[in-house]
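For the sequence shown, position 13 matches number 18 in the working numbering, and the numbering has no gaps at all.
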Amino acid sequence: MQGETKMKKRFRYLMLVCILALLCLGLTSCGAKLEYTATLLTDAQVGVSYSVSVATATGADAITYALKDGSKLPAGLSLSSAGMITGTPAAKGSTSFTVTATAGNASVDADFTIAVAEGVLSYAGGEISVAQGEA
Numbered sequence: 006m007q008g009e010t011k012m013k014k015r016f017r018y019l020m021l022v023c024i025l026a027l028l029c030l031g032l033t034s035c036g037a038k039l040e041y042t043a044t045l046l047t048d049a050q051v052g053v054s055y056s057v058s059v060a061t062a063t064g065a066d067a068i069t070y071a072l073k074d075g076s077k078l079p080a081g082l083s084l085s086s087a088g089m090i091t092g093t094p095a096a097k098g099s100t101s102f103t104v105t106a107t108a109g110n111a112s113v114d115a116d117f118t119i120a121v122a123e124g125v126l127s128y129a130g131g132e133i134s135v136a137q138g139e140a
């Protein structure tokens, strides 16, 4: 009888070890290291549609992206959880911001900058007149 109790304890212990090992396989903190390196982003232009990816984190599956608290993108742009910055910039200037990549319980930050230049004026045809002294 006593041998049977020892056997049950060993079995429970092994089951616990197996369960913990299986749980660990799904977590990035159990071996894989989440890494995130900032890349140079292309410049944007006021009034021109913009799309760029900041999804460069590695080391895990199902990585999501979000602006770090206090960070803001240039007006008119937004960040998706897949790491895409899209939109149409509304004002010129240079904006620095931090993106947080998260997978499971692990998260890491990377810093980026987007420079937004003044939009280009275009003219579809017709006449343009300039008053004397304004040219």
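Just so you know, even glycine gets a beta-carbon here, dropped at the ideal spot from N, CA and C.
Problem set entry | Under the three-state DSSP convention, the category T10 falls into | Working through the sequence shown from its first residue, we reach residue 10 at position 5. It is helical.
Exercise. Going along the chain, which residues of its own chain have a beta-carbon closer than 8 Å to the beta-carbon of A122, five neighbours each way excluded?
Worked result: Numbered from 1 along the sequence shown, position 117 holds the residue referred to as residue 122. The answer, listed in chain order, is D48, A49, Q50, V51 and K97.
Exercise. DSSP puts I90 in a beta bridge; with which residues?
Worked result: As a position in the sequence shown, residue 90 is number 85, starting the count at 1. Paired residue(s): V57 and L84.
Problem set entry | Buried versus exposed call for Y41 [16 or more other C-beta atoms within 10 Å across all chains shown] | For this step, residue 41 is matched to residue 36 along the sequence shown. The residue is buried, with at least 16 neighbouring Cβ atoms inside 10 Å.
Problem set entry | Where V104 sits in the DSSP three-state scheme | Along the sequence shown, read from residue 1 onward, the residue named residue 104 stands at position 99. In the structure shown, V104 sits in a strand (DSSP, three-state: E or B).
Exercise. Should Y70 go down as buried or exposed, given a rule of 16 or more other Cβ atoms within 10 Å for buried?
Worked result: Reading the sequence shown from its first residue, position 65 is the one you call residue 70. Buried: at least 16 other Cβ atoms inside 10 Å.
Exercise. How would you label T44, buried or exposed, when you count the other beta carbons within 10 angstroms and need 16 or more for buried?
Worked result: Sequence index remark: in the sequence shown, residue 44 carries index 39 (1-based). When all chains shown are included, T44 counts as exposed.
For this session: Starting from the C-beta of D116, find all residues in its chain whose C-beta is less than 7 Å away, skip the five residues before and the five after it, and write them out in chain order.
Result: Here residue 116 corresponds to residue number 111 of the sequence shown, with the count starting at 1. Excluding sequence neighbours, D116 sits near A43, S101 and T103.
Problem set entry | Spatial distance of I68 from A60 (CA atoms) | For this step, residue 68 is matched to residue 63 along the sequence shown. For this step, residue 60 is matched to residue 55 along the sequence shown. Taking the straight line joining both Cα atoms gives about 8 Å.
Problem set entry | Residues bridged to L72 (per DSSP) | If you number the sequence shown from 1, residue 72 lands on position 67. L72 pairs with V104.
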